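Trainee: Have a look at this one.
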Amino acid sequence: MKTFNLCFLGFGNVGRALVRLLGEKSAEMRDSYGIEWRVTGVATRRMGWHASTDGLPVASLLAGEVAGAQGTLKLTNAEEWLLAARCDVMFETTSLEPQTGQPAIDHVRAALAAGAHVVTANKGTIVHGYQELNALARERGRRFLFEATVADMPVFSLFRECLPAARLLGFRGIFNSTTNIILEEIEAGRTFAEGVARAQLLGITETDPAYDVEGWDSAVKTCALANVLMRAPLKLGEIEREGIRELEAASVRAARAAGKPYRLVSRAGPGTDGRVAASVRAEQVAPDDPLAGAGGTTLIVHFELDILPGLTLVAHQPDLRSTAYGLLADFINAVRDDG
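In my numbering, the protein residues as written are -19 to 319.
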């Protein structure tokens, strides 16, 4: 039995959902995997950097309180925070910066250099830093895992553990639920603005909905999958990106009436120059297409492999708990041999 010191960089909705799930699964983790845990570090923009090797009170953290807890050190940067917390595993759940992935990449680098495993939900770290960070993790004998980054599906672990020697030729997917909702609202006779409002009411939009409707969210996820699964050094700016804003309402409704609704489709595959080419654009989806099952908040990806003709994964109405489970699974997989 080993107790692992957990540090949370970012403690918003995802971090809180993870702490609740850790509490819910504590007995199972202890009995099945010999894993116990305590939170020894939390850092956010609002709270600053806090650490206590005695463990920070979970109830207070969930209430948004940490300053003043007994034995808590208030620190000023990631390096001293990781050291003071004696961090074994860092969960990186800060907001995405799509153009550079910073400062998350620097924080992951610091944690790996300090000897901690890193589990992240931040897509920027694998879009802009995957090769470097993965190499550093291997060099330090640590794990850098990121199952929670793309559509709340067990994609990366599936390829890592279940598909040895299989080569991914390409994929297509629907990775953004906000655009699903907007298009469905337009199909039902409502306006684009009403569709955005509906998605915001459901709590699924980015802070700026333009990030969804202009295809940035889908492009980042496409880039992440291509970088890791196809080993393609694809850059975000190389993805051909078109959103759904320019679609005319009449065209959207006519496509639905014809049984081939528009959806924002991501794809990656061989390009004409031998490199991987990728795109995000609105396309009509036929009823017999593997992607036809995506609607509402349901997301889907279809893989083409050299051995399997087709493999489709569906995340049915993923939510915060789904994201938290991706982080939890990565934590268990990272430390199960550390005891």
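Note that CB positions come from ideal geometry on N, CA and C, so glycine has one too.
Predicted model, so just to flag it, every value in this text is computed and none were measured.
(1) May I ask you to report which of helix, strand or coil DSSP gives Cys(-13)?
(2) Under the rule that 16 or more other beta-carbon atoms within 10 Å means buried, what is Met(-19), buried or exposed?
(3) Whose CA, out of Thr303, Val281, Arg316 and Arg301, lies closest to the CA of Leu293?
(4) Look up Arg221 in the DSSP assignment and give the residues it is bridged to.
(5) Quick check: what's the CA-CA separation for Asn(-7) versus Ala248?
(6) Beta-carbon separation of Ala314 and His97 under 7 Å?
(7) Is it right to say Ser6 is buried, meaning 16 or more other beta carbons lie within 10 angstroms of its own, or is it exposed?
(8) For Glu4 and Tyr305, what's the separation of their Cα atoms in angstroms?
(9) With distances taken from CA atoms, which of Thr171, Arg89, Ala257 and Gly44 is nearest Arg26?
(10) Which runs of the beta strand (DSSP E), 3 residues or longer, sit entirely within the region 235 to 309?
(11) Rounding to the nearest angstrom, what Cα-Cα distance links Phe(-9) and Met70 in this structure?
(12) Mind the definition here: the region 263 to 281 touches the region 146 to 161 only if three or more C-beta pairs lie below 8 Å; say whether that holds.
(13) Opposite Thr24 in the DSSP bridges: which residues?
(14) Could you give the C-beta distance for Leu92 and Leu116, rounded to a whole number, given that I count them as a contact under 8 Å?
(15) Buried or exposed: where does Pro189 fall if 16 or more other Cβ atoms within 10 Å of its Cβ makes it buried?
(16) Give me the Cβ distance between Ala204 and Val107, rounded to the nearest whole Å; I'm assuming they're in contact under 8 Å.
(17) Within the chosen definition, does the region 255 to 268 reach the region 204 to 221 through at least 3 CB pairs nearer than 8 Å?
(18) Report all residues from its chain with a CB closer than 7 Å to the CB of Gly(-5); omit the five preceding and five following residues, and keep chain order.
(19) Can you grab the Cα-Cα spacing for the pair Asp318 / Ala94, in whole Å?
(20) If you run the structure through DSSP and keep just helix, strand and coil, what is Asn313?
(21) Relative to the C-alpha of Leu182, which residue among Ser12, Gln297 and Ile312 is closest?
(22) For the alpha helix (DSSP H) holding Thr202, just list the boundary residues, first then last.
Mentor: Well, looking at it:
(1) Position 7 of the sequence shown holds residue -13. Strand, per DSSP.
(2) The residue given as residue -19 occupies position 1 in the sequence shown. It is exposed - the Cβ of Met(-19) has fewer than 16 other Cβ atoms within 10 Å.
(3) In the sequence shown, counting from the first residue as 1, residue 293 sits at position 313. When each option's Cα is compared against that of Leu293, the closest is Val281.
(4) Within the sequence shown, numbered from 1, the residue matching residue 221 stands at position 241. Answer is Val260, bridged to Arg221.
(5) Translated into positions along the sequence shown, residue -7 becomes position 13. Translated into positions along the sequence shown, residue 248 becomes position 268. Those two C-alpha atoms are separated by around 31 Å.
(6) Sequence index remark: in the sequence shown, residue 314 carries index 334 (1-based). Sequence index remark: in the sequence shown, residue 97 carries index 117 (1-based). Yes, the pair counts as a contact, with Cβ atoms nearer than the cut-off.
(7) Here residue 6 is taken as the residue at index 26 of the sequence shown, counted from 1. By the neighbour-count rule (16 or more Cβ atoms within 10 Å), Ser6 is not buried but exposed.
(8) Sequence index remark: in the sequence shown, residue 4 carries index 24 (1-based). Sequence index remark: in the sequence shown, residue 305 carries index 325 (1-based). If you take the alpha carbons of Glu4 and Tyr305, they lie about 11 Å apart.
(9) Position 46 of the sequence shown, counting from 1, holds the residue named residue 26. Nearest of Thr171, Arg89, Ala257 and Gly44 to Arg26, Cα basis: Gly44.
(10) For the region 235 to 309, whole beta strand (DSSP E) runs of length 3 or above, ordered along the chain, are 242 to 250, 256 to 264, 279 to 285 and 291 to 295.
(11) Here residue -9 is taken as the residue at index 11 of the sequence shown, counted from 1. Here residue 70 is taken as the residue at index 90 of the sequence shown, counted from 1. So the two alpha carbons sit approximately 12 Å from each other.
(12) yes
(13) As a first step, residue 24 must be located in the sequence shown, where it is residue number 44. Its beta-bridge partners are Gly28.
(14) Translated into positions along the sequence shown, residue 92 becomes position 112. Translated into positions along the sequence shown, residue 116 becomes position 136. Correct: roughly 5 Å between the Cβ atoms.
(15) Sequence index remark: in the sequence shown, residue 189 carries index 209 (1-based). Per the 10 Å Cβ criterion, buried.
(16) By one-based count along the sequence shown, residue 204 stands at place 224. By one-based count along the sequence shown, residue 107 stands at place 127. Indeed they touch by this definition, with Cβ atoms about 5 Å apart.
(17) yes
(18) Residue mapping note: residue -5 aligns to position 15 of the sequence shown, counting from 1. Cβ neighbours of Gly(-5) beyond the five flanking positions: Phe(-12), Phe71 and Thr73.
(19) By 1-based counting over the sequence shown, the position of residue 318 is 338. By 1-based counting over the sequence shown, the position of residue 94 is 114. Using only the alpha carbons, I get a separation of about 16 Å.
(20) Residue mapping note: residue 313 aligns to position 333 of the sequence shown, counting from 1. The answer is helix: DSSP assigns Asn313 an H, G or I state.
(21) If you number the sequence shown from 1, residue 182 lands on position 202. Selected option, being the one with the closest Cα: Gln297.
(22) Position 222 of the sequence shown, counting from 1, holds the residue named residue 202. Note, Thr202: alpha helix (DSSP H), Trp196 to Leu209.
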